[in-house]
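Scroll down for the structure; my scribbles are underneath it.
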């Protein structure tokens, strides 16, 4: 059976190569057709996932796709992309233009389905994939364990969304600087990291995978969080309808398509995130119109499932909507952006994240890269209590790490809290919705301020014939004095 499956795969591969030889891709790059963007036209034989492959190549070059027109009905694939660089300028770098032509044109080699995921073997490093419940200080704990196990983190990307966390980390042996291959050592790494992910809740879901394969990190993170079902909303979800992307899925019965429309705030790599999700959910994009000029993005897709059918039920429609919302939200950067650039050394990530944790900061997203002995890391941090990051805290951290090593992008005021509502919302939100206070007695103790403050509040409530009696007690933890209201 395995031999037959391998033979069938080889035949499919050879057939794709034959089709491409008979109908080689055509790529046209035009810097004259549009006033403010470079126009890239791609014509090719059609196959499932080809749109994602093209978008992935453009996105990996950090190009901004402002507009796109996509048509792949039938056996031919035709795309038009209007792109700029990060500064909004046309693409004039000959090296980039030549790379696009070679990657998308007749010389390209993305015939294999493996190319879309970017899987290849590597002995330079060991890849570690982590998924589990998010909590303050998690990245610091993971980094500390890896350092203890004599693993050096050379590259990593960490996402958090909807109380879940996912990371793809590339590590090497601390002494040899090569991939870790000892099975017993790898098993120990997996076991210890899995314990860290579970934390005090041993029943929580956590997963650790160790391999020597290299995947496209961002696509893999989408797949990991999708498999972890981070798209499922929890009852205490703090996002309201105004903050969520506007995703609508309707059926066009005359043409047997499902039409997906997305309206949300524009940001880099947005198109990759949505196309990646549709592809991994086994939907085929037949036509699409993308317009992301200005602060808002508009995307319209005409899709069918890979089995040829449009969305069949309300449950499927809801799942597509939730998964696209999650794909857009995962990369939204919550918190203050910090950039670190210094000479790389073993334990650097562990030291930096420990300093963040000791100053009550939690990392919501991170990108860790090492190039030519230089560590270039980006962190998005916020206060563990949900308040905006204190400017004095950032100044203190920069003094410890180095003013020239750690730089702030934006200002602490730009870091919005998770919820701007009153900190007593969860205490009283459901209390006064109760239909009756009969036999009601409640004693609550909690802090209205950050943990490092010295004041504690004590609330006492009890019923009486005239209504609810409310007592408010403020205690100074340093002097044990109290003030009663």
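Numbering (full-length UniProt numbering), first residue to last: 1 to 485. Using N, Cα and C, we set each Cβ at its ideal position, and we do this for glycine too. Nothing here was measured: the structure is a model prediction, and the numbers come from that model.
- Under the criterion of beta carbons closer than 8 Å, residue 101 and residue 154 do not qualify as touching, at roughly 31 Å.
- Less than 8 Å divides the Cβ of residue 397 from the Cβ of residue 359.
- Just measuring C-alpha positions, the residue of 179, 182, 228 and 211 sitting nearest residue 162 is 228.
- In the DSSP assignment, residue 399 falls within the unbroken alpha helix (DSSP H) covering 391–401.
- Under the DSSP assignment, residue 313 falls outside any alpha helix (DSSP H); it carries neither an H nor an E label.
- Counting along the chain, the unbroken alpha helix (DSSP H) around residue 104 starts and ends at 94–104.
- Residue 76 sits exposed, since fewer than 16 C-beta atoms from the chains shown fall within 10 Å of its C-beta.
- If you draw a straight line from the Cα of residue 225 to the Cα of residue 139, it comes to about 17 Å.
- Bounds of the alpha helix (DSSP H) holding residue 276 are 270–280.
- Apart from the 5 residues on each side of it in sequence, residue 54 sits with its Cβ closer than 7 Å to the Cβ of 42, 79 and 104 in its chain, given in chain order.
- Taking the C-beta atoms as reference points, residue 96 is found no nearer than 8 Å to residue 287.
- Spatial neighbours of residue 401 in its own chain (CB-CB distance under 8 Å, excluding positions within 5 residues in sequence) are listed in chain order as 340, 352 and 355.
- The Cβ neighbour count for residue 148, taken over all protein chains shown within 10 Å, is under 16; the residue is labelled exposed.
- Contact annotation: residue 406 and residue 328 have beta-carbon atoms that are not nearer than 8 Å.
- Distance check between residue 283 and each of 29, 254, 50 and 377 places 50 closest, using alpha-carbon atoms only.
- Leaving aside the five residues that flank residue 333 on each side, the residues in its chain whose CB is nearer than 8 Å to its CB run, in chain order, 364, 365 and 380.
- With 16 or more other Cβ atoms inside 10 Å of its own Cβ, residue 320 counts as buried.
- The segment 56–73 makes contact with the segment 260–277; the number of CB pairs closer than 8 Å reaches 3 or more.
- Remark: C-beta atoms of residue 91 and residue 85 approach each other more closely than 8 Å.
- DSSP links residue 259 through a beta bridge to 250 and 302.
- Distance from the CA atom of residue 335 to the CA atom of residue 343, rounded to whole angstroms, is 25 Å.
- For residue 194, the enclosing alpha helix (DSSP H) covers residues 183–198.
- Going by DSSP, residue 45 is part of the beta strand (DSSP E) stretching over 38–45.
- Counted as a single uninterrupted DSSP element, the stretch harbouring residue 60 is not any beta strand (DSSP E) but the alpha helix (DSSP H) occupying residues 50–60.
- Nearest to residue 82 by C-alpha distance, out of 312, 255, 29 and 372, is 29.
- The alpha-carbon of residue 157 is positioned some 11 Å away from that of residue 165.
- Annotation for residue 290: the continuous beta strand (DSSP E) segment containing it runs 283–291.
- Per the Cβ contact rule, the segment 296–304 is in contact with the segment 243–258 (3 or more Cβ pairs under 8 Å).
- For residue 145, the uninterrupted alpha helix (DSSP H) segment begins and ends at 138–148.
- The shortest C-alpha to C-alpha distance from residue 167 to any of 213, 262, 220 and 357 is the one to 220.
- Classified as exposed, residue 188 has fewer than 16 neighbouring CB atoms from the shown chains inside 10 Å of its CB.
- In this structure, the CA atom of residue 338 is about 14 Å from the CA atom of residue 388.
- The residue among 315, 245, 279 and 277 with its C-alpha nearest the C-alpha of residue 267 is 245.
- Rounded to the nearest angstrom, the gap between the Cα atoms of residue 395 and residue 290 is 42 Å.
- The beta carbon of residue 330 sits closer than 8 Å to the beta carbons of 159, 161, 221, 222, 225, 230 and 273 from its chain, once the five residues preceding and following it are set aside; these are given in chain order.
- Beta bridge pairing from DSSP links residue 155 with 170.
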